[in-house]
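Protein chains: 2
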Amino acid sequence: MPWVKDFDVDLAVDKAMKVFWAKGYEATSISDLTDAMEIKKGSLYNAFGSKNALFNRVLLKYDRENRRAAIKQLEAMEDPLVAIRTLFDALIAESEADRERKGCLLVNTALDLPNHSEEVQALVTSALSEFEAFFVRLVERAQARKQVPADLDAREAAKSLLSQVVGLRVLARGVFDSESLRAIGNQALARITA
Amino acid sequence: MPWVKDFDVDLAVDKAMKVFWAKGYEATSISDLTDAMEIKKGSLYNAFGSKNALFNRVLLKYDRENRRAAIKQLEAMEDPLVAIRTLFDALIAESEADRERKGCLLVNTALDLPNHSEEVQALVTSALSEFEAFFVRLVERAQARKQVPADLDAREAAKSLLSQVVGLRVLARGVFDSESLRAIGNQALARITA
DNA sequence: GAATGTCTTGAACGGTCAGTCTAGACTTGC
DNA sequence: GCAAGTCTAGACTGACCGTTCAAGACATTC
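Spelled out as structure tokens, the structure:
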């Protein structure tokens with residue numbers, strides 16, 4: 001058997017992620033990608049097939065390493081309200097640290113959903129659905145612990161929380177300062193406890 | 195004096211708006227624009243100067259005809275809570291009628307803010323700030339009418355409402371169905387009245 | 001009806017786009 | 001050390017990018 005790849009595929013996907021994340025799918029050219037990934041065009045097409053296929057792979061990795069990882073950690077917390085607070089605080093801290101104002105790759109892609117391939121649409125939709133389901137579980141657990149009024153509709157509240165997270169992610173890309181982002185978190189939490 | 199323009203500039207801007215709105219700034223080519231506007235490249239550059247300048251003009255028109263117009267109408271309503279309800283209902287109805295799932299041009303641009311020109315950034319930021327100020331006025335009026343608890347922080351609530359509107363606009367582009375969008379509206383209103 | 005001056009037209013600009021292909025470099029199995 | 005077979009390098013494809021420009025069309029003014 002022959003020669004194996006001499007570049008780290010996973011590392012290359014990671015470098016591609018940063019480009020797509022900051023510039024968006026359309027505005028990212030193959031040259032941008034090969035420059036960042038430090039490979040040549042031939043290698044990119046040999047390894048990934050197409051720009052769209054590479055984006056799919058990037059999105060999958062992003063989802064696994066960010067959304068899934070975060071949910072797993074938050075779900076392990078005992079107090080569901082603390083978990084929600086921690087989530088908002090983490091998003092705000094992330095946006096403060098993000099000099100490029102890249103936002104969230106999933107949300108960025110969600111806004112442009114109709115212009116993406118079906119696979120990408122499916123990936124984003126299911127990722128956000130899982131996020132919503134995660135919120136439902138948290139709210140129901142909080143209700144069981146009597147931290148949240150029993151008459152709150154957990155499913156509606158979960159959709160609202162997802163919407164707040166999405167709104168925060170969008171506004172963090174240049175419209176709101178940190179203080180305003182904190183207001184979103186405060187109000188989101190107040191809504192379900194009051 | 196010479197010949198005057200023989201195409202309707204305002205109508206052409208309107209046609210350009212639809213293209214930018216559906217496809218996004220980057221994904222829209224000059225050919226896409228000239229096809230839709232039914233003018234030639236030369237005329238486009240003669241009349242507008244550049245793709246970015248045309249986009250600026252489109253955004254300004256969109257803001258005037260949509261955001262400003264809506265705020266003016268809602269602000270004339272006597273009951274501020276009805277105004278908020280009406281706003282959410284209108285957004286949901288608009289998204290249901292929008293087969294192309296174009297969403298909101300201002301929100302679409304806001305998510306991509308760091309990749310736009312300074313003029314565009316300023317335009318979007320001020321438009322959303324005015325939206326926020328509008329929500330502050332509504333909440334304060336509702337408090338004066340004892341429809342909303344006096345201890346609610348009107349400024350925070352306004353930021354939260356803006357975030358909900360933005361979240362709704364994003365999720366309406368393919369992630370949420372109408373019922374889920376209605377949940378966002380319900381919860382947003384419930385938050386400030388409870 | 002001729003001069004004026006902005007309009008439209010359409011070709012052309014250099015550059016870049018996503019993607020392909022060939023030639024050669026290289027590791028592996030024998 | 002040789003054959004097998006996948007990798008990389010980078011030139012190349014034709015199409016399209018945003019933008020410019022020269023030439024001609026035309027309504028207006030005198």
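Taken in sequence, the protein lines are chains A and B.
Under the numbering used here, the first sequence has 194 at position 194, and the numbering climbs by one with no breaks.
Under the numbering used here, the second sequence has 387 at position 193, and the numbering climbs by one with no breaks.
Glycine included, each C-beta is placed from N, C-alpha and C at the ideal position.
Here the structure is a predicted model, which means the values were calculated and not measured.
Residue environment, residue i, which counts as buried when at least 16 other CB atoms sit within 10 Å
i, result
"B/E326", "buried"
"A/V82", "exposed"
"A/A122", "exposed"
"B/A263", "exposed"
"A/G167", "buried"
"B/N250", "buried"
"A/P80", "buried"
"A/A150", "exposed"
"A/S50", "exposed"
"B/S374", "buried"
"B/M195", "Because the pLDDT at B/M195 is just 49, under 50, the model does not fix this residue reliably, and the point stays unresolved."
Which of helix, strand or coil DSSP assigns to residue i
i, result
"B/M195", "Caution applies to B/M195, whose pLDDT of 49 falls short of 50 and renders its modelled position unreliable; the value that the coordinates give is listed next. Three-state DSSP puts B/M195 in coil, outside helix and strand."
"B/S225", "helix"
"A/D63", "helix"
"B/P308", "helix"
"A/R191", "helix"
"B/Q358", "helix"
"A/V170", "helix"
"B/R251", "helix"
"A/R101", "coil"
"B/I233", "coil"
"B/R349", "helix"
"B/P274", "helix"
"B/G379", "helix"
"A/T141", "As written in the sequence, residue 141 of chain A is Arg, which differs from the Thr given in the question. Helix, per DSSP."
"A/D89", "helix"
"B/D202", "coil"
"A/F176", "coil"
"B/Y219", "coil"
"A/K146", "coil"
"B/S323", "helix"
"B/S289", "helix"
Best match in the options for proximity to residue i [C-alpha to C-alpha]
i, options, result
"A/S160", "B/E350, B/L365, B/A348", "B/L365"
"B/M271", "B/F328, B/V360, B/A352", "B/F328"
"A/A144", "A/R169, A/T193, A/R68", "A/T193"
"A/K15", "A/T109, A/Y45, A/L54, A/V136", "A/L54"
"B/R349", "A/A158, A/R182, A/V166", "A/R182"
"A/L11", "A/E26, A/D177, A/L44, A/R137", "A/L44"
"B/G379", "B/A316, B/L268, B/Q358, B/G368", "B/Q358"
"A/V175", "B/V301, B/Q267, B/I278", "B/V301"
"A/Q187", "A/S129, A/S117, A/E26, A/D89", "A/D89"
"A/L74", "A/K51, A/R137, A/E118, A/V13", "A/R137"
"A/R173", "B/A352, B/I286, B/I233, B/T303", "B/T303"
"B/D200", "B/L285, B/G243, B/K266, B/I233", "B/I233"
"A/S178", "A/L91, A/M17, A/S50", "A/L91"
"B/N240", "B/V203, B/R335, B/A384, B/Q341", "B/V203"
"B/L356", "B/Q341, B/E324, B/V342", "B/E324"
"B/Q341", "B/S374, B/A321, B/L383", "B/L383"
"A/A27", "A/G42, A/A158, A/N52", "A/N52"
"A/V124", "A/T86, A/Y25, A/L59", "A/L59"
"B/L322", "B/M211, B/A352, B/D347, B/M231", "B/A352"
"B/V333", "B/E313, B/K266, B/I278, B/V314", "B/I278"
"B/Y219", "B/R385, B/R335, B/S311, B/A336", "B/S311"
"A/R67", "A/M37, A/S126, A/R141", "A/S126"
"A/D153", "A/R191, A/I71, A/G42, A/F48", "A/R191"
Segment contact, 8 Å Cβ cut-off, at least three pairs: the stretch 94-109 of chain A with the stretch 17-25 of chain A: Enough Cβ pairs lie closer than 8 Å, so yes.
Interface residues of the stretch 220-246 of chain B facing chain A [CB-CB below 8 Å]: Hits within the stretch, in order: E220, A221.
Meets three-Cβ-pair contact criterion under 8 Å: the stretch 219-238 of chain B and the stretch 254-264 of chain B: As far as the Cβ criterion goes, the stretch 219-238 of chain B does not touch the stretch 254-264 of chain B, which means the pair count is below three.
Contact set between the stretch 354-367 of chain B and chain A, restricted to residues whose Cβ is under 7 Å from the partner: Flagged, chain order: S354, S357, Q358, V360, G361, L362, V364, L365, R367.
Within 9 Å of chain B by C-beta, residues of the stretch 127-140 of chain A in sequence order: Within the stretch 127-140 of chain A, the residues whose Cβ lies closer than 9 Å to some Cβ of chain B are L128, S129, E132, listed in chain order.
Given 8 Å, three or more beta-carbon pairs between the stretch 110-117 of chain A and the stretch 78-98 of chain A: Taking 8 Å as the limit for Cβ pairs, the verdict is that the stretch 78-98 of chain A does not touch the stretch 110-117 of chain A.
Members of the stretch 302-320 of chain B that neighbour chain A once the beta carbon cut-off is set at 8 Å: Taking 8 Å as the Cβ-Cβ cut-off against chain A, the residues of the stretch 302-320 of chain B that qualify are N302, A304, L305, D306, L307, P308, N309, Q315, V318, T319.
Chain A contacts from the stretch 282-293 of chain B (Cβ-Cβ distance under 7 Å): Within the stretch 282-293 of chain B, no residue qualifies.
Contact list for the stretch 264-275 of chain B against chain A, Cβ threshold 7 Å: Result list empty, no residue passes.
Residues in the stretch 179-194 of chain A having any Cβ partner in chain B nearer than 8 Å: If the cut-off is 8 Å between Cβ atoms, the stretch 179-194 of chain A has S180, A183, I184, N186, Q187, A188, A190, R191, A194 near chain B.
Proximal residues, the stretch 13-24 of chain A versus chain B, C-beta separation under 9 Å: Cβ contacts with chain B come from A22, K23, G24.
Chain-ordered residues of the stretch 333-348 of chain B with a beta carbon less than 7 Å from chain A: Cβ contacts with chain A: none found.
Proximal residues, the stretch 52-67 of chain A versus chain B, C-beta separation under 9 Å: Within the stretch 52-67 of chain A, no residue qualifies.
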